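Undergrad: Residue numbers (our numbering): 7 to 297. Positions of the beta carbon are idealized from the N, C-alpha and C atoms, including for glycine. Treat the numbers as computed from the prediction; the structure is a model and nothing was measured. Dropping a structure here in structure tokens format, bear with me for questions.
Structure, rendered in structure tokens:
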């Protein structure tokens, strides 16, 4: 097995931190060791690694930047392309499981973009669509797409529309190089959908909501003829610890293990990690809280 690398973006209020941080693993010390910072752009908060390519998004000023890198044999990312867009608060980038595209979301204007990524890491926007809708809170006064996530088979794209309290479901049309909005799955108003995690089998999608502090389990229904591509809500869970340090909380991220047996959520308000067991049914069972 070759050497493994870890890549980390950065984000700060002043927008002064630059580049992508690269780490290798020290097996003796069982820790990651930083080997360098690469690239000139500030605020590359979210990244997606696609084999020897890496795509990042920057939240800068009134607009934003999409940046691509080509990773050499020593694990060093070299800046390749930069695309400037009018959208503010670019919030997430997800890699296509088939390696052809990257998908980018915007909190500023609720735009979802499809980006072609060539083998040499050159990038081009092939499609973009601005979503609509609104919730009941000030934070959700207009449509805002906090994140996007492709299904594991690369057929669907899910968009967490924080402003509309829903997940928007797209078919990824590779022939036409565009996205087709086919359905929406609503959650309770004021929940603010944030991040998502599909299970490795492609049967379930788990959604974490920011202000509502809820974890939703959706069953994925796919139709080869595109007649019915939708999400069916099966369960909802509270992610807050009753003895936590904060009465509020702000749920942040969600990760599922490669074997699909364990799921973890984080909460910035309570400063904890929540461990869930994924049952054979696809539903979840709370394992515990870790401060």
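#1: Could you tell me which residues DSSP puts in a beta bridge with residue 294?
#2: Measure the alpha-carbon distance for residue 57 versus residue 163 and round it to whole angstroms.
#3: Counting only runs of 3+ residues fully inside the segment 176-230, write out the beta strand (DSSP E) ranges in chain order.
#4: Is the CB-CB distance between residue 47 and residue 71 below 7 Å?
#5: Taking only the alpha-carbon atoms, compute the straight-line gap between residue 133 and residue 184 and give it to the nearest angstrom.
#6: For residue 121 and residue 170, what's the separation of their Cα atoms in angstroms?
#7: Taking a contact to mean a Cβ-Cβ separation below 7 Å, would you say residue 160 touches residue 237 in this structure?
#8: Can you give me the Cβ contacts of residue 138 inside the same chain, cut-off strictly under 8 Å, excluding the 5 residues immediately before and after it?
#9: Only counting the same chain, and skipping five residues up and downstream in sequence, which positions put a Cβ closer than 6 Å to that of residue 130?
#10: List the DSSP bridge partners of residue 135.
#11: In whole angstroms, give me the CA-to-CA distance for residue 258 and residue 11.
#12: What residue range does the beta strand (DSSP E) around residue 259 cover?
#13: Going straight from the alpha carbon of residue 34 to that of residue 16, what length do you get?
#14: Could you check what DSSP says for residue 43 in three-state terms: helix, strand or coil?
#15: Assign residue 197 to buried or exposed, taking buried as 16 or more other Cβ atoms, counted over all protein chains shown, within 10 Å of its Cβ.
#16: DSSP on residue 56, reduced to helix/strand/coil?
TA: Taking the structure as given:
#1: 281
#2: 20 Å
#3: 184-192, 199-204, 210-215 and 220-227
#4: yes
#5: 5 Å
#6: 24 Å
#7: no
#8: 116, 149 and 170
#9: 122
#10: 118
#11: 24 Å
#12: 257-262
#13: 27 Å
#14: strand
#15: buried
#16: strand
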